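*Asks:* Sequential numbering of the sequence shown, starting at 3, is according to the working numbering.
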Amino acid sequence: MDEGGSRIRRRVLVRKRNRPSLENVVATPTAAELKPSDEGEDEEMVAGSRRRKTVDVQPVENIDSEEDMFGDHDSFAENSFLAQVDDLEQKYLQLPEHRKHATDHATEDLCSESITPNTLSIATVGGCTELKIDEHTKNQSGHEDVPIEPEADILYSVPSSQVLFFKNLHSSSDDLVDPSTEERNGNSSSHETVNQELPINSIEQPQQTDKSSSKVRTSSGVNRRKSLKDHLKSAMTGNAKAQTPIFSRTKQLKETLLSEEINVAKKTIESSSDDIGPFYSLPSKVRDLYVQFKGIEKLYEWQHTCLTLNSMQERKNLIYSLPTSGGKTLVAEILMLQELLCRRKDVLMILPYVAIVQEKISGLSSFGIELGFFVEEYAGSKGKFPPIKRREKKSLYIATIEKGHSLVNSLIETGRISSLGLVVVDELHMIGEGSRGAILEMTLAKILYTSKTTQIIGMSATLNNVEDLQEFLQAEYYTSQFRPVELKEYLKINNAIYEVDSKAENGMTFSRLLNYKYSDSLRKMDPDHLVALVTEVIPNYSCLVFCPTKKNCENVAEMICKLLSKEYLKYKEKEKLEVIKNLKNISGGNLCPVLKHTIPFGVAYHHSGLTSDERKLLEEAYSTGVLCLFTCTSTLAAGVNLPARRVILRAPYVAKEFLKRNQYKQMIGRAGRAGIDSIGESILILQEKDKQQVLELISRPLENCYSHLVQEFTKGIQTLLLSLIGLKIATNLGDIYHFMSGTFFGVQQKILLKEKSLWEITVESLRYLTEKGLLQKDTILTEKRLLRKDTIYGSEEAFQYSFHITKLGRASFKGTIDLAYCDILYRDLKKGLEGLVLESLLHLIYLTTPYDMASQCDPNWMIYFQQFNHLSPAEQNVAAVVGVSENFIGKKASGQAIRKKVDKNIVNRLYLSFVLYTLLKETNIWSVSEKFNMPRGYIQSLLSGAAAFSSCVLHFCEELEEFWVYRALFVELTKKLTYCVKAELIPLMEVTGVLEGRARQLYNAGYKSLTHLANANPEVLIRTIDHLSRRQAKQIVSSAKMLLHEKAEALQEEVEELLRLPSDFPGIVASSVEKV
């Protein structure tokens, strides 16, 4: 039954009626009476009346007395409603002029005015006749959600049995009129339907006719009309005697209110504008929150234009491209809020790095709490698959590229992909970057293929071949060259600075000479005049110096500080000392000697060698102006937003490779801070030998974006085909080929494929997966026949060859295991079952050490040998089980020749396992870094990689019954690897943005649980916790509240699910079959 029908039905069942006089009942309502009043007032009045009626409602009892059967609703007494109906009937039938149409006139006022606009049908539930309104009548009516008042609809107060009688009476009256009248009314077919729907026992046919009514006959000698009173009495008696199910009145009223709210929401959603407020269809509260949380009072003109595009109103896919710092993210956020609040659908936002995911979650959690939606993190080992299905509040999933792919897979598998209303992809150009680009392409291709209602929005600062992406995503394109702060590009050759000028003959014009006096000794230390360039802006303004390598970052930072004046030490001296103190606190008393020397000058380096805690703290100090200069690698340009007044490129290289146009644009895009600077500057330092290449760099267009789906063989096309068949998106060759044609690779196949066709590559990939035991062919297929050139066009049969996934294949795609390693992982786990060493965690850690990181590892053999000797006999047994002997490591350490062949990957993997094992035992990244002579940032990335891979191995084992013993073990290991702290700190570290150092501070201050943090006052936190900014405090509390609400909601829904009657309950199934 539709929602409107549900609402009317309940009112008919529960309303107690005070009868008006019969003349008022039968009289035709006037136009004024039928005119609906103001919607809001009506709803309030009806809601109020409903609330009043819940007071003093007595429980339903079985009453045998016919006289008291209807309580104060109706009775069969002398002055009852039935008696009045009978009197009126006699009065009308005694008049000669009413002989022919007496019945018509008596019923048309009731039926035609009230019933005709809302076509009625009768259904029986538990023997009780109920009233329905057809779905299409809601659409015909301009006031779908206006409650029906007693004055506006006389059937509002009539019991369902009486409504039924009037309907049947109208039907019988049609038999009395001539055929032309019957055709004109056009109601005969609907009357037949109503009569067919009635159960036999719902209306008892009267055995006797009324004397007065028997006198009235038509001229053609039609049989006597049955008495109105008898009809009503028998119908009401039958309904009253029927067994009535006992419902909670309170629950009924709650359901009625909810259905009304849903109707309002549906009406809003179905409208073309989806408008629920003045701020781009959003409530004005959203605008206020942007002012409060982000200080944004007005949108840029391009943002307004983009949000009001026709393609946005029509919910078409969109790609938009603007320079860095142009405000792209704000547009995406408003579109996401529209989807969450107006259309009531879930949203997925895909970001390139874990740090950006966490930054975005911290920023949007406060919006979620205020506006009533969840913000969920899918990064590293975090994220639930499939996501929790929420009935009321919607979810914003913020995910890395890999986790976003897994999330989409789980939604497709559970048939919930249509619940995803919008997918936003930041840095869309990454679709052309290696294996991560291939995964992003797979994700988007699956969404396009499986859900026609999901909108895709892609944004980037560096896109060139947009036409290909448009064709792939079936998207519109919007671009602008807007920058909130003007950017001026410069080149520095020797001591001369040139401005980049596209109109000039050689692309640049002379600007000025550097006016900084260098002694001979200083020139040797700083040949590129970096000190001269940075001192023009610091300490009053900020500056970024991009360096080719991590080591170069540290060297440049130290060199600049050696040459800076001592005056720089006095600038914000107290705050800088606080930063140093805080760095020591989060690192267990340790401090990098380079940072110890540079921070007093307001200078620091920033690269992946730092721990997450250190990076976060330094970024906060830079944002607040305590630090004014970062020497950094190119990764900062694509990571968190840290703009500067001046950006200096130390050399046109990233590592040993020459700079690409896309990289250059991203780096210089950091110049100019909106709202702070009036201008931004970038200076590229180059040598004479690189001059020609640099001139080409600054003038050429951005690099094209090409698919890596086939280039990344195991992580690309093979993984895609396996998941297509595993998810049953496409299982036969024709469907798989059709899907492949719609990918980004399919769009670019003419450019990318020279020797083989897309068909041949698809067939070869399927053959490889079959040979590897991941797929099975349902039909025997000869490769020779399949690869014939005319197969595509000449044989429909070839398209029907189908495949199904094996258990190993399903485990591989569920665990998102790189197919290059899935068989190795299976062998390792199988071998582990034969002699799993559980005296320590070492053996389990070895099984979850990432294969790809092991292949890049270069062990220090002396350290390897020393650490091996520190192991207990049981731990040394693990090395023997996996195939690495003490003798082998000893010979490598002493430089002796090795005759026996040993698998290098196993040896390297065991070495990394030692690192992780030591880290889990000591939980001090500094001491482990020192023991193994590894950068602490690398050890931390190894830890997070192992945590993510452990989660993957867990899902892999869940699909294979033979590995049941591993499941519980890997659950606990994943948790240990994810947090790598003492157990008491884990609840605090679940909060986004709270890392180990901060968790320890909070715990020591008495905040020992998630509930403590969620109820904390940010102002108290600032006073209690050292070196915590107001912004950070608010973000921590918001994130904790969001996480607490998520957990509470999940528990509530679990309880409701347990108490809810199952949809396949035998009685429900039987009754639904009867209705059909």
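Ideal placement from N, C-alpha and C gives every residue a C-beta, glycine not left out.
Remember, it's a predicted structure, so these values are computed and weren't measured experimentally.
Can you grab the Cα-Cα spacing for the pair Tyr770 / Ile459, in whole Å?
*Replies:* Taking the sequence shown and counting its residues from 1, one reaches residue 770 at position 768. Taking the sequence shown and counting its residues from 1, one reaches residue 459 at position 457. Cα-Cα distance, rounded: 35 Å.
*Asks:* Decide if Ser567 is buried, meaning its Cβ has at least 16 other Cβ atoms within 10 Å, or exposed.
*Replies:* As a working mapping, residue 567 is identified with position 565 in the sequence shown. With fewer than 16 Cβ atoms within 10 Å of its Cβ, Ser567 is classed as exposed.
*Asks:* What do you get for Leu840, buried or exposed, if any count of 16 or more other CB atoms within 10 angstroms of its CB means buried?
*Replies:* Here residue 840 refers to the residue found at position 838 of the sequence shown. With fewer than 16 other Cβ atoms within 10 Å, it is exposed.
*Asks:* Out of Ser610, Ala822, Arg648, Glu964, state which residue places its alpha-carbon closest to the alpha-carbon of Cys634.
*Replies:* Taking the sequence shown and counting its residues from 1, the one referred to as residue 634 is at position 632. Minimum Cα distance to Cys634 is reached at Ser610.
*Asks:* Along the alpha helix (DSSP H) that carries Met338, what are the first and last residues, could you check?
*Replies:* Position 336 of the sequence shown holds residue 338. Here the alpha helix (DSSP H) through Met338 covers 330 to 339.
*Asks:* Does the separation of the CB atoms of Leu711 and Gly509 fall below 8 Å?
*Replies:* Position 709 of the sequence shown holds residue 711. Position 507 of the sequence shown holds residue 509. Result no, Cβ atoms of Leu711 and Gly509 do not sit closer than 8 Å.
*Asks:* Just to confirm my understanding: we take Thr818, look at its own chain, exclude 5 residues before and 5 after, and list those with CB closer than 6 Å. What are they?
*Replies:* As a first step, residue 818 is located in the sequence shown; it is residue number 816 there, counting from the start. Excluding sequence neighbours, Thr818 sits near Ser408, Cys954.
*Asks:* Is it buried or exposed, Thr980, if we count other Cβ atoms within 10 angstroms and call 16 or more buried?
*Replies:* Counting from 1 along the sequence shown, the entry for residue 980 is found at position 978. Answer is buried; the Cβ neighbour count reaches 16.
*Asks:* If you run the structure through DSSP and keep just helix, strand and coil, what is Lys568?
*Replies:* Along the sequence shown, one-based indexing puts residue 568 at 566. Three-state result, Lys568: helix.
*Asks:* For Ser1031 and Ile400, what's the separation of their Cα atoms in angstroms?
*Replies:* Numbered from its first residue, the sequence shown carries residue 1031 at position 1029. Numbered from its first residue, the sequence shown carries residue 400 at position 398. Cα to Cα, Ser1031 sits roughly 24 Å from Ile400.
*Asks:* By the DSSP assignment, the alpha helix (DSSP H) with Ala463 in it spans what residues?
*Replies:* As a first step, residue 463 must be located in the sequence shown, where it is residue number 461. Segment: none, Ala463 is in no alpha helix (DSSP H) and carries neither H nor E.
*Asks:* On a CA-only basis, which of Val656, Thr464, Lys526, Cys982 is nearest Lys553? Give me that one, please.
*Replies:* What you label residue 553 is simply residue 551 of the sequence shown in a count that begins at 1. Taking only the C-alpha atoms, the option nearest Lys553 is Val656.
*Asks:* Based on the DSSP output, what are the partners of Cys545 in its beta bridges?
*Replies:* In the sequence shown, counting from the first residue as 1, residue 545 sits at position 543. Cys545 is bridged to Leu631, Arg648.
*Asks:* With a cut-off of 8 Å, do at least 3 Cβ pairs link the region 447 to 455 to the region 406 to 422?
*Replies:* Result yes; three or more Cβ-Cβ pairs closer than 8 Å.
*Asks:* Taking Ile927 as the reference, give the member of Ser915, Leu442, Leu945 with the closest Cα.
*Replies:* Taking the first residue of the sequence shown as position 1, residue 927 is located at position 925. Ranking the options by Cα distance to Ile927, first place goes to Leu945.
*Asks:* Restricting to runs no shorter than 4 residues, where is the alpha helix (DSSP H) found entirely within the region 957 to 1013?
*Replies:* The qualifying runs are 966 to 981, 988 to 991, 998 to 1006.
*Asks:* Ala606 and Leu620: beta carbons closer than 8 Å?
*Replies:* As a position in the sequence shown, residue 606 is number 604, starting the count at 1. As a position in the sequence shown, residue 620 is number 618, starting the count at 1. Contact flag set, yes.
*Asks:* Over what stretch of residues does the beta strand (DSSP E) that includes His608 continue unbroken?
*Replies:* Within the sequence shown, residue 608 is the residue found at index 606, counting from 1. Taken as a continuous stretch (DSSP letters only), the beta strand (DSSP E) holding His608 covers 605 to 608.
*Asks:* Could you check the C-alpha separation between Val127 and Gly1069 for me, to the nearest Å?
*Replies:* Indexing the sequence shown from 1 puts residue 127 at position 125. Indexing the sequence shown from 1 puts residue 1069 at position 1067. With a pLDDT of 37 at Val127, under the threshold of 50, the predicted position of this residue should be treated as unreliable, and no value is reported.
*Asks:* Tell me Leu398's beta-bridge partners as DSSP assigns them.
*Replies:* Taking the first residue of the sequence shown as 1, we reach residue 398 at position 396. Note: Leu398 sits in a beta bridge opposite Val349, Val377.
*Asks:* Let's see if you can read the secondary structure: which residues bound the beta strand (DSSP E) around Arg514?
*Replies:* Counted from its first residue, the sequence shown places residue 514 at position 512. Where Arg514 is concerned, the enclosing beta strand (DSSP E) stretches over 510 to 515.
*Asks:* Can you tell me where the alpha helix (DSSP H) holding Thr600 begins and where it ends?
*Replies:* Residue numbering aside, residue 600 sits at position 598 when the sequence shown is read from its first letter. Segment 595 to 600, the alpha helix (DSSP H) holding Thr600.
*Asks:* Straight-line CA distance for Thr920 to Ile847?
*Replies:* As a first step, residue 920 must be located in the sequence shown, where it is residue number 918. As a first step, residue 847 must be located in the sequence shown, where it is residue number 845. Computed Cα separation, rounded: 11 Å.
*Asks:* Starting from the C-beta of Leu291, find all residues in its chain whose C-beta is less than 8 Å away, skip the five residues before and the five after it, and write them out in chain order.
*Replies:* Mapped onto the sequence shown, residue 291 falls at position 289. Excluding sequence neighbours, Leu291 sits near Ser368, Phe369, Glu372, Leu373.
*Asks:* With distances taken Cα to Cα, identify the nearest neighbour of Leu651 among Met669, Pro645, Asn643, Val765.
*Replies:* Stepping through the sequence shown from its first residue, residue 651 is reached at position 649. For Leu651, the nearest C-alpha among the options comes from Met669.
*Asks:* State the Cα-Cα distance for the pair Tyr573 and Tyr543, rounded to the nearest angstrom.
*Replies:* Here residue 573 is taken as the residue at index 571 of the sequence shown, counted from 1. Here residue 543 is taken as the residue at index 541 of the sequence shown, counted from 1. In a straight line, the C-alpha of Tyr573 is about 12 Å away from that of Tyr543.
*Asks:* Where does Thr416 land, buried or exposed, given buried means 16+ other C-beta within 10 angstroms?
*Replies:* For the purposes of this step, residue 416 is taken as the residue at position 414 of the sequence shown. Classification for Thr416: exposed.
*Asks:* What separation, rounded to the nearest whole angstrom, lies between the Cα atoms of Ile727 and Leu990?
*Replies:* On the sequence shown, position 725 is the one that residue 727 refers to. On the sequence shown, position 988 is the one that residue 990 refers to. The straight-line gap from Cα to Cα measures roughly 41 Å.
*Asks:* As a quick exercise: from Asn497, Leu515, Leu489, Leu516, pick the residue whose alpha carbon is nearest that of Asp503.
*Replies:* Within the sequence shown, the letter at position 501 stands for residue 503. When each option's Cα is compared against that of Asp503, the closest is Leu489.
*Asks:* Since Leu754 and Gly811 are thought to touch, with beta carbons under 8 Å apart, how far apart are those beta carbons, to the nearest angstrom?
*Replies:* As a working mapping, residue 754 is identified with position 752 in the sequence shown. As a working mapping, residue 811 is identified with position 809 in the sequence shown. At roughly 27 Å, the Cβ-Cβ gap does not stay under 8 Å, so Leu754 and Gly811 are not in contact.
*Asks:* Indicate whether Gln695 and Phe660 have their beta-carbon atoms separated by less than 8 Å.
*Replies:* Taking the sequence shown and counting its residues from 1, the one referred to as residue 695 is at position 693. Taking the sequence shown and counting its residues from 1, the one referred to as residue 660 is at position 658. In contact: Gln695 and Phe660 (Cβ atoms closer than 8 Å).
*Asks:* Would you kindly work out how many angstroms separate the C-alpha atoms of Tyr1005 and Leu311, rounded to a whole number?
*Replies:* Reading the sequence shown from its first residue, position 1003 is the one you call residue 1005. Reading the sequence shown from its first residue, position 309 is the one you call residue 311. Rounded to whole angstroms, Tyr1005 to Leu311 spans 50 Å at the Cα level.
*Asks:* According to DSSP, which residues form a beta bridge with Val426?
*Replies:* As a first step, residue 426 must be located in the sequence shown, where it is residue number 424. In the DSSP output, where bridge partners are listed per residue, Val426 has Met351, Ile459.
*Asks:* Check whether the region 739 to 747 touches the region 507 to 521, taking contact to mean three or more Cβ pairs, one atom from each stretch, closer than 8 Å.
*Replies:* Judged by Cβ distances under 8 Å, the region 739 to 747 makes no contact with the region 507 to 521, as fewer than three pairs qualify.
*Asks:* In three-state DSSP terms, what is Leu771?
*Replies:* To locate residue 771, count along the sequence shown from 1; it is residue 769. Residue state, collapsed to three classes: helix.
*Asks:* For the pair the region 620 to 629 and the region 547 to 562, tell me if three or more CB-CB distances fall below 8 Å.
*Replies:* Taking 8 Å as the limit for Cβ pairs, the verdict is that the region 547 to 562 does not touch the region 620 to 629.
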